[in-house]
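In the working numbering, the protein residues as written are 1 to 590. Report on the following structure.
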């Protein structure tokens, strides 16, 4: 590498490349560890630097190399984390021409012969000029398996004058045998606040006027990579020709105005297909990339979902204040199920755009679909409509019954859960230890026995009872069954033992060759078929099938299951401010 600072223009990413640990931004934990190691003279034989592109892996390796070989301005210094930058070793390493610091790109030198020629055959010779002979291998994960194996012995027991510095973006592709011989440092993505401050400093040094919202756009596009951010800043300064605005940066990046993307998002949520297509067309005419618009919609959907869970997510420094206000309002208004559906459809739309011959057409079709499903009711709303609709005429159905009403043995199971507390098998036995004796009146029906088995968490026995036993007669403590052909030979014995452990009573179970009722599994299947048949006659479902001929009933859930799912997904309700006392403190119970 040659220094072009005096012979031509240097891009910002090279011009402002960190020369010391003090210049590194956003990597405080790594810098602190390295400084302590240098001060305590506990310098590892090999370092593995990993992280996304542009976070400073190769730069950090060069800084470590300079620190190991720096001799100071007076030529008497030792290893340091603050290399002077002016001694012959520092200057040569900075310019990439030091004879004892060898950089190798593993992407173009992947074979075992490359490792043998560059490292194994030269590692035994002492450094010619510097204190340490240092090998820097970039993108080390690109080495072949045989090359890694050839390196292992040298890496485990290197001569004292040799240090290895590895950099990779794919740490999972590096063999664990290599990782175990290295001191690993994970370089973090740069936080938005730190990145914006750094870009402001660089822009000031370059004498460039660039708006804060333009820097926010660059920071968001860089995704935590300093090099990407510096390259985009370089391009933005040239694009703005002295004064760069957010509009110019959006045009440069092919992005739409985020406010206009929010307009498009709101039009979709209103189900306004014409307005949404008009807005999309306007953004496309202004230079926005359709793929970028869909990605922005997905990003907004994700952001609103997170804001709905935690309001602190709205305080993103890369988002303008007015957009935060609109985002909070949308998050309060939109249900989580609607946002989740939007996210899934946008992911599918992005896949379609990638394979479509015309990105704009694919984006328009995606927007049309999104607007048409935006105002569709959720599955819970559909169930409510089904339950509130009048019963279908004809067919002798006697009125439509809800799925919960047709679920077999729901009442007896609830009866058992109440006195037994709904606990597991341990809770059942603990309760019975304090009881005066076995009370078999708690099990008035075979359904209550099945509920008891379910409480004991014996899933194998529960499945076999439901599928292999045909009930002939039942009384508390006494049962008679007909076994199915596929019933296990020890089923009755295991059932008796399980009931005796759970109830403390000796149950009598007899068998017969005929006269058994359908198994519980067969009853459940018959009930499901009856529900489906009755639903098929409902006018609303018939209308759905008329509009969507290929639609089918995929699953049926009981009212209890729907309520449980709704409660699990529901956000906690806040009290009405008008009903609160003036001295109410929300944190007084903490």
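Think of the CB as a built atom: it goes at the ideal place given N, C-alpha and C, for glycine as much as any other residue. Please read these numbers as outputs of a predicted model, since none were measured by experiment.
#1: Would you report the Cα separation of residue 280 and residue 354, rounded to the nearest angstrom?
#2: Identify whether residue 475 lies in helix, strand or coil by the three-state DSSP scheme.
#3: Going straight from the alpha carbon of residue 263 to that of residue 289, what length do you get?
#4: Counting Cβ pairs closer than 8 angstroms, one from the segment 338-348 and one from the segment 316-324, do we hit at least three?
#5: Whole alpha helix (DSSP H) runs in the segment 209-269 with 4 or more residues, listed along the chain?
#6: Report the option in 129, 291, 52 and 253 whose CA atom is closest to the CA atom of residue 351.
#7: Relative to the alpha-carbon of residue 154, which residue among 550, 178, 72 and 98 has its alpha-carbon at the smallest distance?
#8: How about residue 275 and residue 254: are their beta carbons less than 8 angstroms apart?
#9: Measuring CA to CA, which of 342, 305 and 343 is closest to residue 328?
#10: Here's the rule I'm using: 16 or more other beta-carbon atoms within 10 Å means buried, otherwise exposed. How should residue 546 be labelled?
#11: Step through the CB atoms of chain C and report whether any lies within less than 8 angstroms of the CB of residue 196.
#12: Hey, residue 58 and residue 184 are a contact pair by Cβ (cut 8 angstroms); roughly how many whole angstroms apart?
#13: How far does the beta strand (DSSP E) with residue 186 in it extend, from its first residue to its last?
#14: If I measure Cβ to Cβ from residue 267 and keep anything under 8 angstroms in the same chain, skipping five residues before and after, which residues do I get?
#15: Here's a check: name, in chain order, each residue in its chain whose Cβ is nearer than 7 angstroms to the Cβ of residue 314, leaving out the five neighbours to either side.
#16: With the cut-off set at 8 angstroms, would you say residue 45 and residue 158 are in Cβ contact?
#17: Can you check which of these residues, 483, 451 and 445, is closest to residue 474 by C-alpha distance?
#18: Alpha carbons only, please: which of 12, 107, 11 and 85 is nearest the one belonging to residue 22?
#19: Run through DSSP, which three-state label would residue 536 get?
#20: I'd like the list of long-range same chain contacts for residue 453, defined as Cβ closer than 7 angstroms, with 5 residues on each side in sequence excluded.
#21: Can you tell me which of the three DSSP states residue 100 falls into?
#22: Do you know whose CA, among 147, 227 and 72, lies nearest residue 130's CA?
#23: Measure how close the beta-carbons of residue 440 and residue 476 come, nearest whole angstrom, since I'm counting them as under 8 angstroms.
#24: Tell whether a beta-carbon distance below 8 angstroms holds between residue 66 and residue 79.
#25: Per the DSSP calculation, residue 193 is bridged to which residue(s)?
#26: Going by beta carbon distance, what residues of the same chain come within less than 8 angstroms of residue 403, once the five residues before and after it are set aside?
#27: With distances taken between CB atoms, is the gap from residue 132 to residue 69 smaller than 8 angstroms?
#28: On the DSSP letters alone, give me the boundaries of the beta strand (DSSP E) that residue 173 sits inside.
#29: Evaluate the contact criterion for the segment 185-202 versus the segment 13-30: three or more CB pairs, one atom per stretch, below 8 angstroms.
#30: Have a look at 168, 206, 226 and 171 and flag the residue whose alpha-carbon is nearest the alpha-carbon of residue 195.
#31: Flag this pair as yes or no: are the beta carbons of residue 61 and residue 136 separated by less than 8 angstroms?
#32: Give a yes or no on whether the C-beta atoms belonging to residue 252 and residue 166 are separated by under 8 angstroms.
#33: Take every Cβ of the segment 226-243, pair it with every Cβ of the segment 330-344, and state whether three or more of those distances are shorter than 8 angstroms.
#34: Report the rounded CA-to-CA distance for residue 81 versus residue 38, giving the unit in angstroms.
#35: Taking residue 442 as the reference, which of 483, 496, 468 and 504 has the closest Cα?
Reading it off the structure:
#1: 18 angstroms
#2: strand
#3: 17 angstroms
#4: no
#5: 212-222, 226-240 and 246-253
#6: 291
#7: 178
#8: no
#9: 305
#10: exposed
#11: Looking for chain C here will not work: only one protein chain is present.
#12: Rounded, the Cβ-Cβ distance is 16 angstroms, inconsistent with contact.
#13: 183-186
#14: 275, 276, 279 and 371
#15: 307, 324, 327 and 328
#16: yes
#17: 445
#18: 85
#19: helix
#20: 461, 462, 465 and 498
#21: coil
#22: 72
#23: 4 angstroms
#24: no
#25: None, per the DSSP bridge assignment.
#26: In this prediction, residue 403 scores a pLDDT of 37, lower than 50, which makes its location untrustworthy; no coordinate-derived value is stated.
#27: yes
#28: Counting along the chain, residue 173 falls outside any beta strand (DSSP E), and DSSP gives it neither H nor E.
#29: yes
#30: 226
#31: yes
#32: no
#33: no
#34: 7 angstroms
#35: 504
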